[in-house]
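K.L.:
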Amino acid sequence: MEHSPTWPSLSRTFFARDTHSVARGLLGKILVRHWRGKVFAVRINDVESYVGEEDTACHASRGKTKRNEVMFGEAGHAYVYLIYGMYHCLNIVTEREGFPAAVLIRGAAATTFPPPQVRGRLGGGASRSDLTLPSPILGEGKLNGPGKLCRALNITRVQNGEDLVTSENLFIVDEGFRVRQEDIITTPRINVDYAGKDALLPWRYLIRV
Numbered sequence: 003m004e005h006s007p008t009w010p011s012l013s014r015t016f017f018a019r020d021t022h023s024v025a026r027g028l029l030g031k032i033l034v035r036h037w038r039g040k041v042f043a044v045r046i047n048d049v050e051s052y053v054g055e056e057d058t059a060c061h062a063s064r065g066k067t068k069r070n071e072v073m074f075g076e077a078g079h080a081y082v083y084l085i086y087g088m089y090h091c092l093n094i095v096t097e098r099e100g101f102p103a104a105v106l107i108r109g110a111a112a113t114t115f116p117p118p119q120v121r122g123r124l125g126g127g128a129s130r131s132d133l134t135l136p137s138p139i140l141g142e143g144k145l146n147g148p149g150k151l152c153r154a155l156n157i158t159r160v161q162n163g164e165d166l167v168t169s170e171n172l173f174i175v176d177e178g179f180r181v182r183q184e185d186i187i188t189t190p191r192i193n194v195d196y197a198g199k200d201a202l203l204p205w206r207y208l209i210r211v
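When the letters of the sequence shown are read in order and numbered with the numbering used here, they come out as residues 3 to 211.
Spelled out as structure tokens, the structure:
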């Protein structure tokens, strides 16, 4: 497979679609974090959709607040919040501006891929030797949980509102890997028992192992 010299980050158009389409489309994509001269890259394998104020599992179900205002903004921005006072969660805003929706990145796996494509994306901000994976934190190579993912990639509230379309520090690239629809599993979302009937919606998407 031939790749362009630089893999661009996913476009605004990609994120400004139906949330479930975005969620499915993110499976298999590479999440890149540039931090302190190091570049960490993981392949997304587990996501959840949160769609609008009528979705009682969604943070926007009770309207716009200071905490969730990013969800009401432009697609492609990071919505990062803290749970249990200690774990950060990375979401990416979707759909049209003013409609609060996002995809939660629940899990990912370590991956290796030709580094020049990402190095070029960073405009020379990292040397080849700096392109590494967070293997000491990854353990067996799995980031199975949004808190573990954010801790491994040092994603905190500082990244809340960051534009993944233009940022050189946090973005997602498509290097050609494709997930077959039959390899996508759908289940109810995790830890949303408070959402009543909406807790049963099959809005979690993950790659079959």
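The beta-carbon is built from N, C-alpha and C at its ideal position, and this holds for glycine as well.
(1) Taking the beta strand (DSSP E) that glycine 109 belongs to, which residues open and close that run?
(2) Express the C-alpha separation of histidine 90 and leucine 84 in angstroms, rounding to a whole number.
(3) Does the contact criterion of 3 or more C-beta pairs under 8 Å hold for the stretch 57 to 66 versus the stretch 38 to 46?
(4) Check for me: the alpha helix (DSSP H) holding histidine 22 runs from which residue to which?
(5) Can you say whether proline 204 is buried or exposed, counting buried as having 16 or more other CB atoms within 10 angstroms of its CB?
(6) Would the beta-carbon of valine 34 fall within 9 Å of that of phenylalanine 179?
(7) Please report the distance separating the alpha-carbon of glutamate 76 from that of serine 63.
(8) Comparing alpha-carbon positions, which option in Leu92, Val53, Val167, Asn146 lies nearest threonine 21?
(9) By a C-beta neighbour count over all protein chains shown, 10 Å radius and 16 as the cutoff for buried, is asparagine 193 buried or exposed?
(10) Cα separation between isoleucine 157 and aspartate 185?
(11) Looking at C-alpha atoms only, which residue of Phe101, Tyr81, Ala103 is the closest neighbour of asparagine 93?
(12) How many whole angstroms separate the CB atoms of valine 24 and threonine 96, which I take to be in contact at a CB cut-off of 8 Å?
(13) Do the CB positions of valine 181 and glycine 87 come within less than 9 Å of each other?
(14) Does the ligand MG have even one heavy atom less than 8 Å from the beta-carbon of arginine 108?
(15) Quick check on valine 175: does DSSP put it in helix, strand or coil?
(16) From the DSSP output, read off the bridge partner residues of lysine 144.
(17) Along the beta strand (DSSP E) that carries arginine 45, what are the first and last residues, could you check?
P.N.:
This is what the structure holds:
(1) 103 to 112
(2) 4 Å
(3) no
(4) 21 to 28
(5) exposed
(6) no
(7) 18 Å
(8) Val53
(9) exposed
(10) 28 Å
(11) Tyr81
(12) 5 Å
(13) no
(14) Of the ligands one can find in the structure shown there are none, so the ligand MG has no counterpart to examine.
(15) strand
(16) Ala111
(17) 40 to 53
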